[in-house]
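Enquirer: Residue numbers (this note's numbering): 11 to 323. Pasting a structure here, questions to come.
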């Protein structure tokens with residue numbers, strides 16, 4: 011199966027399509043998924059997933075299944091025009107089928123939402139502002155944006171939005187140092203986060219987001235939180251096309267070895283000789299003004315849609 015939490019959200023429509031196709035001809039199938047970080051599986055309890063297990067299982071366990079579908083290749087196959095969902099549909103022989111189209115959807119844990127809500131509501135009350143989730147670090151250094159880019163965006167939007175950060179403990183400490191060094195008004199609330207379910211619960215209470223981290227992007231998109239997803243190595247259409255509330259934007263970078271998008275998943279950036287310790291120059295091609303422009307356009311578009319829907323109702 012796949013590794014990233016966001017990846018699991020991205021391919022959710024393919025899993026549901028497979029379930030619906032199978033149950034139309036036989037009894038509902040019991041789909042078991044193998045993935046890393048089982049505890050963080052982002053949509054527990056859905057009817058189209060029977061069980062979630064670690065990637066490594068015994069031959070005895072493997073023999074219990076009637077059908078095995080290998081989706082590992084999806085995590086390594088790079089495409090300019092096909093998303094992970096599209097590739098999964100191809101493997102499942104469902105591409106081109108005349109079938110219902112599903113959108114990714116997740117439901118935050120109500121107890122966790124209740125735990126976060128008083129803290130976040132107090133921040134909104136004290137600041138008189140909406141909450142903006144920001145994240146400039148990915149799991150891989152070549153997908154990171156320079157902190158200064160995000161800090162300029164935060165300052166541009168600070169009249170209306172209080173920026174907040176949710177991140178794992180180790181990168182959160184580094185990001186706090188960057189926040190302090192730039193004296194930027196970002197509230198680091200990472201101490202509240204213990205796992206991905208906490209992140210989802212916190213995101214459900216956000217008014218908007220700007221992120222390079224696809225774990226944030228996919229969760230926010232599946233929750234319907236509006237915002238901007240920034241990309242360097244990948245074309246946005248393959249990542250966020252299923253999220254009506256999200257606008258993707260890619261760095262139009264031209265370097266000595268790269269003309270972008272490079273579609274590099276894990277190795278790193280060729281412009282810095284694939285170093286894992288040097289930031290890719292990719293995001294330097296994006297200006298804070300452009301991000302703010304896209305952000306405001308996204309919010310305005312969704313506000314107009316909401317007003318039209320309210321009038322129609």
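A virtual CB, placed ideally from N, CA and C, is assigned to each residue, including glycine.
Return the chain-ordered list of same chain residues with a C-beta closer than 6 Å to the C-beta of residue 160, the five sequence neighbours on each side being excluded.
Expert: Within its own chain, the residues whose Cβ lies closer than 6 Å to the Cβ of residue 160, once the five positions on either side in sequence are excluded, are 144 and 146, listed in chain order.
Enquirer: One question on the structure: do residue 19 and residue 228 come within less than 8 Å of each other, judged by their Cβ atoms?
Expert: yes
Enquirer: Could you name the residues of the same chain whose beta carbon sits closer than 6 Å to that of residue 105, not counting the 5 residues immediately before and after it, in chain order?
Expert: 99
Enquirer: Counting only runs of 4+ residues fully inside the region 229 to 304, write out the alpha helix (DSSP H) ranges in chain order.
Expert: 247 to 250
Enquirer: Can you tell which of 153, 182, 66 and 21 has its C-alpha closest to the C-alpha of residue 102?
Expert: 21
Enquirer: As a quick exercise: from 121, 250 and 118, pick the residue whose alpha carbon is nearest that of residue 96.
Expert: 250
Enquirer: Give the straight-line distance between the Cα atoms of residue 77 and residue 315, rounded to the nearest whole angstrom.
Expert: 43 Å
Enquirer: In chain order, what residues of the same chain lie with their CB nearer than 7 Å to the CB of residue 289, ignoring the 5 residues before and after it?
Expert: 151, 154 and 156
Enquirer: Taking a contact to mean a Cβ-Cβ separation below 8 Å, would you say residue 241 touches residue 258 in this structure?
Expert: yes
Enquirer: Report the rounded CA-to-CA distance for residue 122 versus residue 49, giving the unit in angstroms.
Expert: Their Cα atoms are separated by approximately 15 Å.
Enquirer: DSSP has residue 1 in a bridge; who is on the other side?
Expert: There is no way to answer for residue 1, as the model of the chain reaches only from 11 to 323.
Enquirer: Comparing alpha-carbon positions, which option in 46, 200, 116 and 56 lies nearest residue 64?
Expert: 46
Enquirer: Buried or exposed for residue 267, please, with buried defined as at least 16 other CB atoms from any protein chain shown within 10 angstroms of its CB.
Expert: exposed
Enquirer: Across the region 172 to 185 and the region 195 to 208, are there enough close Cβ pairs to call them in contact, namely three or more that are closer than 8 Å?
Expert: yes
Enquirer: Kindly list the residues whose CB is nearer than 7 Å to the CB of residue 302, restricted to its own chain and excluding five residues on each side of it in sequence; keep chain order.
Expert: 163, 166 and 167
Enquirer: In whole angstroms, what separates the C-alpha of residue 222 from that of residue 243?
Expert: 11 Å
Enquirer: When the Cα atoms are used, what is the spatial distance from residue 71 to residue 79?
Expert: 15 Å
Enquirer: Less than 8 Å between the C-beta atoms of residue 239 and residue 295, yes or no?
Expert: no
Enquirer: Look at the alpha carbon of residue 16 and the alpha carbon of residue 234, and state the distance between them as a whole number of angstroms.
Expert: 14 Å
Enquirer: Suppose you measure from the CA of residue 192 to the CA of residue 205; what does that come to, to the nearest Å?
Expert: 28 Å
Enquirer: Could you tell me whether the region 83 to 95 touches the region 50 to 60, using the rule of 3 or more Cβ pairs below 8 Å?
Expert: Segments in contact, no.
Enquirer: Considering only their Cβ atoms, is the gap separating residue 248 from residue 89 smaller than 8 Å?
Expert: In contact: residue 89 and residue 248 (Cβ atoms closer than 8 Å).
Enquirer: Using 8 Å as the threshold, is the C-beta distance between residue 210 and residue 118 below it?
Expert: yes
Enquirer: Would you mind reading off the limits of the beta strand (DSSP E) that contains residue 219?
Expert: Residues 218 to 221.
Enquirer: Excluding the 5 residues flanking residue 279 on each side, which residues of the same chain have their C-beta closer than 7 Å to its C-beta?
Expert: 152, 290 and 292
Enquirer: To the nearest angstrom, how far is it from the Cα of residue 230 to the Cα of residue 138?
Expert: 23 Å
Enquirer: So, at 6 Å on beta carbons, what are the nonlocal neighbours of residue 61 in its own chain, with the 5 sequence-adjacent residues on each side left out?
Expert: 42
Enquirer: In three-state terms, what does DSSP make of residue 187?
Expert: helix
Enquirer: According to DSSP, is residue 140 helix, strand or coil?
Expert: Strand at residue 140.
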